[in-house]
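Notes to accompany the following structure.
Residue numbers (the numbering used here): 8 to 316.
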């Protein structure tokens, strides 16, 4: 009964696929003014011809227009494998929302829509995508495939993640990353959306788990997902407030202004430490403020995809 009540109160995205498509199309139209200009034109249907390849699939009509050699792509052709990992722990459901749209997102909502947008780009490029969701449990795993049926199933699972907020559950991200590393057999681009909330003792274990993924020759991109206004700038009115740890239930009563400076310094130092450790392990680190657009996410995908040989 409690679950039914929660589902009635919280609604996911009304049409996640359509929203992701709109995000991507807005992004692609912006590419015309960027260094990716050539990339955006019909990139779902063509790829650049490489010397030594068969000439039978060259699109000669396009050659006549552009003076460049492109070959046509076909439905069954898969160019890349990508695995999306989304942290679905209690802290990712901050701030609490009842409805989700592009102007109303919390950390999990942003991660879900960003993942769906990456999937839309991948579908256009005939790439295979897999998905892992975890909280205190390893909630869902699907290996990389490129079919439409698979794509629809992953969209459904992403949308369901918005409804599955668990109260006061502590998440050991490193345990789940080790499990995922064991499951990923073929070299992939791995995108991880997480707010990096864990204890100091677990930070070392988390980087060991990220190393496990790197050891298996995967390229790992960490989207450090946070609400800058609330979680970094500590933008709260200076009235007495109760701040509650969403993963343990512990709370403290205080005036925000009394600890604002101390808090901001601690957060900045923590972010710098994560950034340094990622550089040390050659993990791409992307600061991901949920109040910004998705362009940084999609640009990162395109850049990493081009580098991934």
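Note that CB positions come from ideal geometry on N, CA and C, so glycine has one too.
Practice prompt. Count the CB pairs spanning the segment 126-146 and the segment 90-97 that are closer than 8 angstroms, and state whether there are at least three.
Written response: Between the segment 126-146 and the segment 90-97 there are three or more inter-stretch CB-CB distances shorter than 8 angstroms, so the stretches are counted as touching.
Worksheet item: Helix, strand or coil: which one does DSSP assign to residue 90?
Response: Annotated three-state conformation of residue 90 is strand, per DSSP.
Practice prompt. Would you mind working out which of 231, 200, 191 and 229 sits nearest residue 223, comparing C-alpha positions?
Written response: The shortest C-alpha separation from residue 223 is found at 191.
Worksheet item: With respect to the beta strand (DSSP E) encompassing residue 187, which residues constitute its N-terminal and C-terminal limits?
Response: Note, residue 187: premise wrong, no beta strand (DSSP E); alpha helix (DSSP H) at 180-190.
Item to complete: For residue 111, I'd like the list of residues in its chain whose CB is within less than 7 angstroms of its CB, leaving aside the five on either flank, ordered along the chain.
Response: When the five nearest sequence neighbours on each side are left out, the beta carbons in the same chain lying within less than 7 angstroms of the beta carbon of residue 111 are those of 104, in order along the chain.
Fill in: Residues of its chain near residue 139, where Cβ-Cβ distance is below 6 angstroms and the 5 sequence neighbours each way are ignored
92, 148 and 187, listed in sequence order.
Fill in: beta strand (DSSP E) segment containing residue 228, residue limits
It spans 226-233 - the beta strand (DSSP E) in which residue 228 sits, taken as one unbroken run.
Worksheet item: residue 7: which of 193, 161 and 213 sits nearest, CA to CA?
Response: The structure shown has nothing for residue 7, since the chain only spans 8 to 316.
Item to complete: Can you have a look at residue 49 and say buried or exposed, based on whether 16 or more other CB atoms are within 10 angstroms of its CB?
Response: In this prediction, residue 49 has a pLDDT of 41, which is less than 50 and means its spatial position is unreliable; nothing more can be read from the coordinates.
Worksheet item: Is it right to say residue 132 is buried, meaning 16 or more other beta carbons lie within 10 angstroms of its own, or is it exposed?
Response: It is buried - the Cβ of residue 132 has at least 16 other Cβ atoms within 10 Å.
Discussion item. Residues in the same chain with beta-carbon distance under 6 angstroms from residue 150, minus the five sequence neighbours each way, listed in chain order, please.
Written reply: Within the same chain, residue 150 has close Cβ partners 137.
Discussion item. In this structure, how does DSSP classify residue 127 when only helix, strand and coil are distinguished?
Written reply: When secondary structure is reduced to three states using DSSP, residue 127 falls in the helix class.
Discussion item. Which of the three DSSP states is assigned to residue 139 in this structure?
Written reply: The answer is strand: DSSP assigns residue 139 an E or B state.
Fill in: Limits of the beta strand (DSSP E) - the one that residue 146 falls within
That run of the beta strand (DSSP E) goes 145-152.
Discussion item. Using CA atoms only, rank isn't needed, just tell me which of 233, 78, 72 and 277 is closest to residue 118.
Written reply: When each option's Cα is compared against that of residue 118, the closest is 233.
Worksheet entry | Pick from 218, 231 and 304 that is closest to residue 289, judged by C-alpha positions | Out of 218, 231 and 304, 218 has the C-alpha closest to the C-alpha of residue 289.
Discussion item. In the DSSP assignment, the alpha helix (DSSP H) including residue 38 goes from what residue to what residue?
Written reply: In the DSSP assignment, residue 38 falls within the alpha helix (DSSP H) that extends over 23-38.
Worksheet item: Mind checking residue 311: buried by the 16 CB within 10 Å criterion, or exposed?
Response: Here residue 311 is buried: its Cβ has 16 or more other Cβ atoms, across all protein chains shown, within 10 Å.
Discussion item. Let me make sure I understand the geometry here. Which of 201, 36, 86 and 314 has the alpha-carbon closest to that of residue 181?
Written reply: Comparing alpha-carbon positions, the option among 201, 36, 86 and 314 lying closest to residue 181 turns out to be 201.
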